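Written out below as structure tokens is the structure these notes cover.
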Amino acid sequence: SSIRILISCLRALSPWEEISVMDERNTPMRTYQVCNVMEANQNNWLRTRHISREGAQRVYIEIKFTLRDCNSLPGVPGTCKETFNMYYYESNNANLWFIKESQYVKIDTIAADESFTQVDVGDRVMKLNTEVRDISNLSKKGFYLAFQDLGACIALVSVRVFYKKCSLTVRNLAQFPDTITGGETALVEVHGLCVNASEEFEVPKMYCSADGGWLVPIGRCVCKPGFEENKDFCQPCRPGTYKASATDAYCNKCPAHSSSPQEQAVECTCEKGFYRAEADPRAMACTRPPSAPENPISTVNETCVTLEWSPPRDTGGRGDITYSIHCRKCSGEGRKCAPCGSSVHYIPRQYGLSSTTVQVTDLQPDSNYSFTVESQNGVSDLSPTPRGTVAVNVTTSQTVSVVLKERRSKDSVTLAWQGPERPNGVIVEYEVIYYEKREQNYTVLKTRSNMMTVEGLKPGTTYVFRVRARTDGGYGSYGGEIELETSHEGKRSVNCSAEMTPSFTSIPPSLPCAKQDPDEEKMQFQHGRVKLPGSRTYIHPHTYEDPNQAVRDFAKEIDAANIRIERVIGAGEFGEVCSGRLRVQAKREIYVAIKSLKAGYSDKQRRDFLSEASIMGQFDHPNIIRLEGVVTRCKPVMIITEFMENGSLDTFLKKHDGQFTVIQLVGMLRGIASGMKYLSDMSYVHRDLAARNILVNSNLVCKVSDFGLSRVLEDDPEAAYTTRGGKIPIRWTAPEAIAYRKFTSASDVWSYGIVMWEVISYGERPYWEMSNQDVIKAIEEGYRLPAPMDCPVVLHQLMLDCWEKGRSDRPKFGQIVTILDKLIRNPASLRELANSSAWSVGGALRCGTVSMLGSEASVNSVDEWLEAIKMGQYMENFSSSGYISLESIRYISIR
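At the far end of the sequence shown sits residue 895, using UniProt numbering, and the numbering has no gaps.
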């Protein structure tokens with residue numbers, strides 16, 4: 001911007017003269033001239049009026065002038081000049097008539113780039129010079145300019161004073177006004193104002209540079225809801241479109257089942273019969289309540305009912321379907337019904353079910369109930385129409401009596417019974433369960449007849465028998481137990497009878513029958529007493545006629561589209577093991593491990609592969625690997641489990657050898673024991689407990705895994721038990737399991753003792769390089785693993801307790817958990833180390849195949865002992881060190 005100025009004489013007698021001349025276009029032009037070159041000591045001043053700076057801190061002065069070459073003036077003295085000076089004086093006073101020379105501040109001495117001569121004037125060649133100077137950091141209201149001539153022949157043609165500014169502009173929907181630049185090189189920060197129908201998203205600002213240019217904008221404004229950006233302004237959304245959020249760039253077309261008839265819509269109105277929940281995003285289509293659930297099925301189990309149904313055919317366009325159960329008890333011929341009340345319980349809950357199954361417990365026997373299954377979604381509460389429901393009528397089991405008669409010999413018992421008087425449906429089969437009273441290992445027999453002979457019993461032994469019936473409605477409960485003793489050698493059998501009252505319950509249908517006749521089946525169950533109906537017991541997948549039903553009962557089917565495989569982390573018997581992510585509700589992802597079934601599998605391989613999921617799905621414990629679900633409806637077939645970041649326990653311990661405190665190791669052992677207690681309480685025998693089958697997560701929580709099924713002992717003494725889940729080395733297996741295939745929770749306790757030894761030794765191989773045959777022989781002779789290095793006495797004693805030869809002498813897992821809890825609460829009990837004495841020799845050297853000092857009864861000298869442990873080459877070393885008697889060996893320490 002320019003500032004107009006008027007040039008006036010400093011005083012009337014000044015040699016500067018105001019002269020009007022014509023330029024080359026014959027336009028009048030006023031100049032101020034001075035040319036007193038013939039006289040020495042010139043000091044001629046020309047001053048402007050007061051110039052307002054109008055807020056500028058830096059102004060520019062452009063002067064145009066002509067100057068006569070001194071050489072072109074004949075006879076001039078040597079004082080002739082070809083320059084002049086320019087000054088300024090800041091002042092708030094606009095009416096100063098006198099300013100001292102000393103008060104002026106010099107701007108610069110001005111010299112001409114081009115000078116002229118008399119000849120030039122005759123030819124009218126005016127050599128005009130233009131110079132620009134600036135003044136910075138002005139602060140007062142204005143200033144005066146002055147020009148000093150010291151003896152030059154000069155004509156001042158024009159003086160223009162101006163400043164620079166950044167011009168008004170609109171950037172990112174923010175308007176920035178005209179802004180005067182700062183002084184020197186300073187930047188001026190300018191905040192923009194949002195244009196019409198817009199609002200600040202991030203404070204808009206720009207910097208005005210010293211040369212009058214805008215620098216890169218920062219921040220921005222956004223159009224308000226109902227408006228969209230159009231270059232430098234916001235325009236309203238057209239009908240049929242909307243914009244719900246200011247952060248959305250443009251208006252969007254109305255989603256399905258909605259419309260916007262007016263401009264500036266911030267959301268679209270739902271059509272009649274469709275709704276939008278408060279939490280629904282405005283971009284979501286309007287939806288409606290779901291239709292009723294379909295295909296309801298009820299399964300009666302005594303006074304419990306399991307209800308199952310299919311999802312509604314019409315979900316209303318939503319995925320947040322939930323279900324609620326309403327129960328009414330009906331009585332009398334008129335079927336008068338009333339709410340069931342709080343005495344009835346629902347598993348997992350009555351309202352807000354996400355799955356299509358629920359168990360209703362604590363119903364009254366021999367009663368009629370009506371259940372209503374209601375489907376609802378996120379907009380059901382907004383609809384005035386009734387919700388979709390489906391009704392299921394159920395009759396709980398009747399109580400009947402069964403008379404049990406028996407005939408026994410020294411090795412068999414023949415049972416006969418009368419069927420129930422009023423069976424709840426057609427009787428399909430009977431189930432007889434029996435076990436040796438003192439052993440508590442039970443066997444289940446099935447028959448379609450009301451008579452059965454149980455063979456292969458021990459003479460003179462007391463057995464417990466129980467019977468129940470199964471109808472189309474399910475199994476009844478076991479009646480009161482009857483104890484029968486088989487005859488001794490040579491004794492006659494005795495007849496007796498007892499009355500039992502089983503009621504009908506439900507278990508998986510169509511169990512296979514075989515054994516003594518085509519209608520009978522015999523199956524060996526796990527260690528522990530028979531569990532009464534209502535308690536949670538592990539169900540073997542092989543008891544299902546259709547293995548796929550077991551998978552459906554215990555494993556959740558996962559949509560393969562929700563699984564993202566990231567990398568291969570291992571390989572199993574059936575295929576690769578990968579890690580990846582599983583998308584669950586609300587688009588949240590969790591890390592998972594993915595076992596896949598390799599291509600070209602047979603039906604048997606598929607059943608075997610999924611049987612592990614059928615087992616795992618029955619468990620719910622923080623120290624048991626968690627099954628997330630399975631993929632069976634597309635290929636490849638997959639089992640999805642939680643992901644354990646630190647992998648198997650044995651590998652993890654070897655990698656971090658010596659890095660944990662004893663308390664941390666005991667904590668790991670406590671977690672494993674807790675998981676095994678849970679399995680034992682469910683009557684599940686693991687049969688493959690080893691550190692390699694324990695997985696560790698990022699929080700050092702240990703979880704039991706690998707739930708393979710059958711194991712077969714091969715004839716080769718070097719072989720292991722072959723299993724669908726891998727091989728079980730002999731060195732982890734209890735003696736009775738090796739000799740008689742008797743797998744029980746007690747044999748799992750033996751294996752747990754080996755796991756303890758692995759943990760304390762940081763993944764050392766049990767029995768080191770001993771062969772399997774040597775391990776079997778040594779254990780039979782009484783050899784037990786010595787304490788690992790730095791193993792507390794109490795922990796090694798617990799290991800030895802787990803390795804008692806008699807199964808009944810070993811602790812239960814519940815007792816092990818209690819012992820470890822006490823050790824954790826009392827760390828001082830872990831200070832005494834088992835290998836701080838001579839017993840550490842056997843544990844530390846780890847190279848014998850016999851019991852080191854424990855076998856000294858079979859050796860008579862130190863030399864014989866060294867030969868026995870295959871260290872005969874060190875005889876001279878021991879002798880020279882003073883160890884010449886077996887007694888002296890006892891005081892050798894590994895330290």
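Yeah, the Cβ is synthetic: ideal placement off N, Cα and C, and Gly gets one too. This structure is a prediction, so every number in the text was calculated from the model and none was measured.
Per DSSP, reduced to three states, the secondary structure at residue 570 is strand.
In this model, residue 415 and residue 365 are separated by some 28 Å (Cα to Cα). Counting C-beta pairs with one atom in each stretch, the segment 650–659 and the segment 596–614 have fewer than three that are closer than 8 Å, which means they do not touch. As the crow flies, the alpha-carbon of residue 200 is around 25 Å from that of residue 279.
In summary, residue 351 is exposed, with fewer than 16 beta-carbon neighbours lying within 10 Å of its beta-carbon over all protein chains present.
Assignment of beta-bridge partners to residue 63 by DSSP yields 131 and 159. Taking 8 Å as the cut-off, the beta carbon of residue 142 is found closer than this to the beta carbon of residue 53. A Cβ-Cβ distance of about 6 Å is found for the pair residue 266 and residue 244, placing them in contact under the 8 Å criterion. Here the segment 293–302 makes no contact with the segment 334–348; the two share fewer than three CB pairs at distances below 8 Å. The segment 280–297 makes contact with the segment 372–379, as at least three CB pairs between them are under 8 Å. Of all C-beta pairs linking the segment 807–820 to the segment 738–756, three or more are shorter than 8 Å, placing the two stretches in contact.
Within the segment 546–634, the complete alpha helix (DSSP H) segments at least 4 residues long are 547–554 and 603–616, listed from N- to C-terminus. Under the three-state reduction of DSSP, residue 825 is assigned to helix. Residue 339 is classed as exposed because its beta carbon has fewer than 16 other beta carbons within 10 Å across all chains shown. In the assembly as shown, residue 609 is a buried residue. Its beta-carbon has 16 or more other beta-carbons within 10 Å. In this structure, the beta-carbon distance from residue 579 to residue 563 does not fall below 8 Å.
Within the segment 229–255, complete beta strand (DSSP E) segments of at least 3 residues are found at 233–236, given in chain order. With respect to the 8 Å criterion, residue 547 and residue 607 are classified as neighbours on the basis of their beta carbons. Proximity to residue 130 across 225, 105, 158 and 730 peaks at 158, based on C-alpha coordinates. Going by C-alpha positions, residue 705 is about 13 Å away from residue 640. By the criterion of a C-beta distance shorter than 7 Å, residue 794 is surrounded in its chain by 823, 829 and 830, once the five residues flanking it on both sides are discounted. Short of 7 Å from the beta carbon of residue 698, and not among the five residues preceding or following it, lie these beta carbons of its own chain, in chain order: 645 and 646. Of the residues 103, 36, 63 and 96, the one whose Cα lies closest to the Cα of residue 76 is 36. Residue state for residue 90 is assigned as strand, using DSSP reduced to three classes. Residue 766 is a Cβ neighbour of residue 754, given a cutoff of 8 Å.
Residue 696 is bridged by DSSP to 702. For the pair residue 99 and residue 144, the CB atoms are nearer than the 8 Å cut-off. Annotated as proximal: residue 207 and residue 189, with beta-carbon spacing under 8 Å. Classified as buried, residue 638 has 16 or more neighbouring CB atoms from the shown chains inside 10 Å of its CB. Using a Cβ-Cβ distance cut-off of 8 Å, the segment 382–399 and the segment 430–437 are not in contact, since fewer than three pairs of beta carbons, one from each stretch, lie closer than that value.
Its Cα nearest to that of residue 772, the residue 730 stands out among 759, 791 and 730. By the neighbour-count definition (other C-beta atoms within 10 Å, threshold 16), residue 611 is a buried residue. In the DSSP secondary-structure assignment, residue 33 is bridged to 17 and 155. Between the alpha carbons of residue 233 and residue 180 lies a distance of about 25 Å.
Per DSSP, the beta-bridge partners of residue 393 are 370. For residue 665, the enclosing alpha helix (DSSP H) covers residues 662–681.
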